[in-house]
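Some notes on the structure that comes next.
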Amino acid sequence: MNVHSPQEEPQQQQNEEEEEPQPQPPPLHSNDNNDKNDNDDEYEEVVEEMEVDEEESYYTDSYDDDDDDEEEETTEEEEFTEEEEEEQENLLTFTRFPLDGLRGQHIMVVVAFNRFILVGTNRGVVALLDASGLILRTLEKHTDPISDVSCNANEEYVGSSDKAGVLTVQNLYDERDFYRKEFDAPIQSMALHPRYNKSDDRSIILGTGDKVVLIAKTMFLGHRKATVLQERRGRVYAVRWCGPDVIAWTNDRGLHLYSYTAKAILQSIQRPEEALQLGLYRCSLVWEPPRTLTCGWGHWVQIVSIRELRMEERLKWGTEFMSRTHHVDVQPAIQTHTLREAYRICGIAPFGANRYILLACIVEQEGCVKELEVRIVERETFVDVYRGRLHAKYKHPLQFSLAYSSGITAGIGTTTTTTTTGTTLSETTTVPSSSSSITMGLNSLSDSMYLIVSVDAIVKAIPTDDDHHVEYLIKIHHYAEAYEYASCHLLNRHKLEDIGRQFLQHLFSEKKYEEVVSRLKDIIGNNYAEWERWIWQFDQQGVSYLLVDVLPKKENTTTTTTTTTTTDKNNNNNNNNNNDNNSSNYINDNNNNNKSSEKHEEKVKTRIGEEYYELVLLRCLEKDVICFQSAVKKFKGMFRLEVVCRAVELRYNEWKLKGNSTGISDEQTKALGDTYGLLLQLSGQNDKALQVLLQVDRSDQLFTFIREKKLVTKTIEMLPELFARNEDKVIQLLLEHIHAVHTTTDEENTIETKSKSESSFLYFPPSTVLQRLERTERKYLWAYLKALQSYDRIAYAALLKTRAQLVAALYIENEPSGLLTFLRENYTYLPKLKEIYALCKKHQLLEESVFLLARMGKEEEGLRTIVYDMKNMKKAVQFIADVPNADDQLELYKKLVHMVFEVNSTLPSYKGEKYFEHRVTEGETWASIAKKYDIEEEALRMANSSFRSTSDGNSSTTINSNSNAMVNSNNNNNNNDKSISRLVPPNSSCIVPLNLMQSLLKAVVDPCYNGLHIQLDPAYVIELMPENEPMPHIGNCIANVLCSKANDVRFMEAVVQVAVSDLGEYCSTLRRRRAAAIRVEPGVSICPICHQPALTGVVVFACSHAYHGHCVMSYLADEDALMTQPSQLDVGSFFKRPEKYLKTRVRETSPCCILCHQLKETVK
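According to full-length UniProt numbering, numbering within the sequence shown proceeds without interruption in unit steps and concludes at 1164.
Right, here's the structure in full:
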């Protein structure tokens, strides 16, 4: 019988058949009987009718039935062609066991373990086979057909049963350790306890007839006792141990689980109602530690998960559940006859962690096999992953079975093995260590072995190795998956680099150039000849510039190696590997066809040739100038400069002539110029390189060139031009070399032949830079100084000792806000303060001017500037406090008071409040103006709003229209953004309410001025206050001073004198206002409430607004302010004594004009 993979070619099958002619197969015997046929002789007669010819094959790769009809053959050939086009991956390889020592016997049962295979025959022989099918030993303890065999966990004891009811257990290493027991009924199945050699009871479970029997040793006498666990529930088909604690068996009613430790049934799973003829098929019970049991029987597949319960879990259910030792999770049953293509299961085994392998049969009718297949399916869905059809003429499903093992060694023990029937173990054989259980699941798929069993044949199916999988992926053009898989697995027949080459060639043929580039480095490595081939191949497609980032760099050296090549190679191998040959056209393989071996020397490339780098660079120059720039820097020294430099020169001149008309970006122009300069520098043309780089806007290479060539003098001469080209880079260059530090290189300066002015190191003293830029570009000098201040404060301070005058002038020109701080820190280095003061005065820098005047000894002039120009009394008092002499402080204080009175008298007033106009500059805000003059921002806003609302157009009392617009825009801040409302419009003026006398009085008594050597007398200010000049809010200020000067008699007298004078003036003013007349024109005034002319019954307020009396009364009634109804009141009596008629909550306020009240609230 020939056995081969379903994917092998027919020619190979024919050759194998010719080489291995098969003998006539003997009559077949089944290892089990039908429910309707219990007579073995009758069953043997049925089997004999199904004998086949000598040359008939039981397994074939064809899916076609043998038929002589030509039309059927044509149809089958077309179907076979379509299946070849949709070829599946071959997951199994098949070999047949020789079984020479079992000739003349039929195979009844086969069970595979970790170290050997047990085969039971129809003559009562139990044979031990190794992984290759060679017989190691035979056990002849029976005379009737074997029904089942078993083994304990460490494979030391072998148990067997036959159809006559005989049970035997034999120790493989001790002939005396033997047990035999006879029963009065045939034994269908048996299983040894996994710990049979270690446990005291030596338990055996078996199924005989309709009984499940447990045989175990008794505790006292040591006899074996048979205990019936279940009976009269239908015929028992299979029994198995699920670990040491659970027993599983199947009968006509379904699958049952029994707890060996608790002596109780755990779960009974009923078989499906449709499963009426399961007795016609072999039942497979497969235990996969630690918890999975799979039952495959006919068209019923049941998966059960068994988990041992901890003691606390049992107690949680109550003491009555203490016997429940395990938790059983039953998954939904799978019925194969309901799938897309119905079939029955003759055997099932795990195929990895996520799949099953099935021995499946498609039946014409129940119990009659039409087609036999090996299937690999997904565990979750039972979707086919692999199908291999087996050509077999046996028709009964019980004549086929499937056995498996997770790994089998060469033999038992450590000595030799033999194929002679009846061979016994050597006496020197050692007892093996404990191994895994006979039903242990797969640890590694590559170690698994599956046995497809027929009556007279055993076919071993082994999962294909990694090489087969890679071959399949390449065959279906899944090169990426093939390479990734090969990179993660160890291959025996294929090389990773060969697979990678095919993968790259496939990607290149599909024009996936970027992906080829990304994988080239990992696949090719340092095979420089292969790199050259790929560069040429990319360049032929015009995309070699893509290789810039992955091309390797190595020095131009070669090594000579001696290699020995065996040259008797077959050309057919080369023809079968076209992709490998295509990917190695540029490699000197020297594959000679001579029949002898010879030694020869060849030069091994250790870098890519210059011409290939040039191909890449020139293609970069054509496609992407920026990429070309980075490539030149990367591959410096790997190409011929004259070739690349000439090409760049032509492109540079072309762009230079065309200018901006070509649409070239500034970045590209800059990249090309920098690269051209670099190439000129590398070729030794330094003068020309400098000229080119100076013409490049914001060139980076220029400064690299200066550093490498150490061009100190040239750089100083070209500073203005360099600043114009790239200010940031120039400053960085100057700052990096402000100290005279020698470099470590000995490169000589070649920009000027034998020039003694150039140093062997870069050094740019700050004084030299200032001298060069002082009279040319002062803005560049200012930028350099600010950078120097941040970079090196010591060098900056040393420079200020000699050039502080220049730096101060630069502050005035570029950063006036920082001048005052600079003057305070460095005024001692300023030899000509008058010049700086003149500049400050010219640019209206008041604070700086005051500071310089104080340093020049002109304190009075400085004080006058504060009072007349700055109008800030706090700064004036602080200026006096800074004067070191007490007498000078007193003198300046008196002068300050007189200056304040003088300036205050010249300020205009509005409603008794002094003010002046401030010219607003760009960027000023209300807050900045208020801070400048030491007033409150709210007061500044109120003053401008009030002044605008009452303006009558008189130029002496109003500001210009721009100011009005400014105030109006700030009053409508509810409709504008807050940040905008804070900004004062430029080129306008605003009103600043300021009484210098009041501000001076506050500043004098302010306790924060502790630098005064004398106590300034506020009485001196109060005594000089003018009597007839109104000063709003001055009373609060004086009251505050009184609290701290209560014991000062002179100050109290001055305050009393001012108070008496002010009270008399206020009384006279009040009397005049009360006696003043109010002019009202009848018929002209409009009542603000009813908007009708006020003719009769008019009430006039002091603000000249007229109302109808009854309108006022109605308004007050609506506001719920009257105690009685308006109709009951007399208007005249009400306005004489309004508090008599008003309610208590409003009685304290008299009626007032609505218009004026609303305006007041709006202003607030």
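For every residue, glycine included, the Cβ atom is placed at its ideal position computed from N, Cα and C.
Just so we're clear, the structure is a prediction, and the values are computed from it rather than from any experiment.
- Looking at the DSSP output, residue 384 bridges to 377.
- Of the candidates 785, 288 and 390, 785 places its Cα closest to the Cα of residue 728.
- In the three-state reduction of the DSSP assignment, residue 191 falls in the strand class.
- Residue 458 counts as buried, since at least 16 other C-beta atoms from the protein chains shown sit within 10 angstroms of its C-beta.
- Bridge pairing for residue 1057: absent [DSSP].
- Judged by beta-carbon spacing, residue 359 lies within the 8 Å limit of residue 452, meaning their Cβ atoms are closer than that value.
- Restricted to the stretch 265-297, the beta strand (DSSP E) segments that are unbroken, complete and at least 3 residues in length are 283-288 and 292-297, listed in chain order.
- Take the alpha-carbon of residue 737 and the one of residue 695: they are about 24 Å apart.
- Scanning 257, 194 and 228 for the CA closest to the CA of residue 212 turns up 228.
- Under the rule that a run must span 4 or more residues, the alpha helix (DSSP H) segments found entirely inside the UniProt repeat "CHCR" (754-909) read 766-773, 778-791, 793-814, 819-826, 833-842, 846-855, 859-865, 873-881 and 886-906.
- Secondary structure at residue 1126: helix, using DSSP grouped into helix, strand and coil.
- Distance check between residue 265 and each of 256, 530 and 311 places 256 closest, using alpha-carbon atoms only.
- Cβ contact annotation for residue 163 (same chain, cutoff 6 Å, sequence separation greater than five): 144, 145, 147 and 186, in chain order.
- Cβ-Cβ separation between residue 390 and residue 374: approximately 6 Å, consistent with a contact (criterion under 8 Å).
- Contact check for residue 155 against residue 173 fails: the beta carbons are separated by 8 Å or more.
- Under the three-state reduction of DSSP output, residue 309 falls in the coil class, being neither helix nor strand.
- Taking a contact as a CB-CB distance under 8 Å, the pair residue 502 and residue 535 does not count as one, their CB atoms being some 19 Å apart.
- Between residue 1024 and residue 901, the CB-CB gap stays under 8 Å.
- Cβ contact annotation for residue 1116 (same chain, cutoff 6 Å, sequence separation greater than five): 1122, in chain order.
- Around the Cβ of residue 531, a 10 Å sphere holds 16 or more other Cβ atoms; the residue is buried.
- Going by beta carbons, residue 120 and residue 109 fall inside the 8 Å limit.
- Out of 533, 205 and 1124, the CA that lies nearest to the CA of residue 181 is found in 205.
- Judged by beta-carbon spacing, residue 246 lies within the 8 Å limit of residue 259, meaning their Cβ atoms are closer than that value.
- Apart from the 5 residues on each side of it in sequence, residue 715 sits with its Cβ closer than 6 Å to the Cβ of 706 in its chain, given in chain order.
- Excluding residues up to 5 positions away in sequence, 486 and 487 lie with their Cβ nearer than 7 Å to the Cβ of residue 496 in the same chain.
- The C-beta distance from residue 670 to residue 697 rounds to 6 Å, short enough to fall under 8 Å.
- In the structure shown, residue 630 adopts helical secondary structure according to DSSP, grouped into three states.
- Note that the stretch 266-276 touches the stretch 324-339; at least 3 beta-carbon pairs, one per stretch, sit closer than 8 Å.
- Of all alpha-carbon atoms in 616, 197 and 821, the one lying nearest the alpha-carbon of residue 169 is that of 197.
- Between the alpha carbons of residue 772 and residue 717 lies a distance of about 8 Å.
- Counting along the chain, the unbroken alpha helix (DSSP H) around residue 717 starts and ends at 712-717.
- Between residue 300 and residue 345, the alpha-carbon positions lie close to 8 Å from each other.
- Exclusion of the five residues before and after residue 919 leaves 989 as the residues of its chain whose Cβ lies within less than 7 Å of its Cβ.
- Given a length threshold of 3 residues, each whole run of the beta strand (DSSP E) inside the UniProt domain "RING-type" (1087-1156) is given here in chain order: 1098-1100 and 1106-1108.
- Per DSSP, residue 538 lies in no beta strand (DSSP E) segment; the continuous alpha helix (DSSP H) that holds it begins and ends at 528-540.
- In this structure, the straight-line span from the alpha carbon of residue 468 to that of residue 480 is close to 16 Å.
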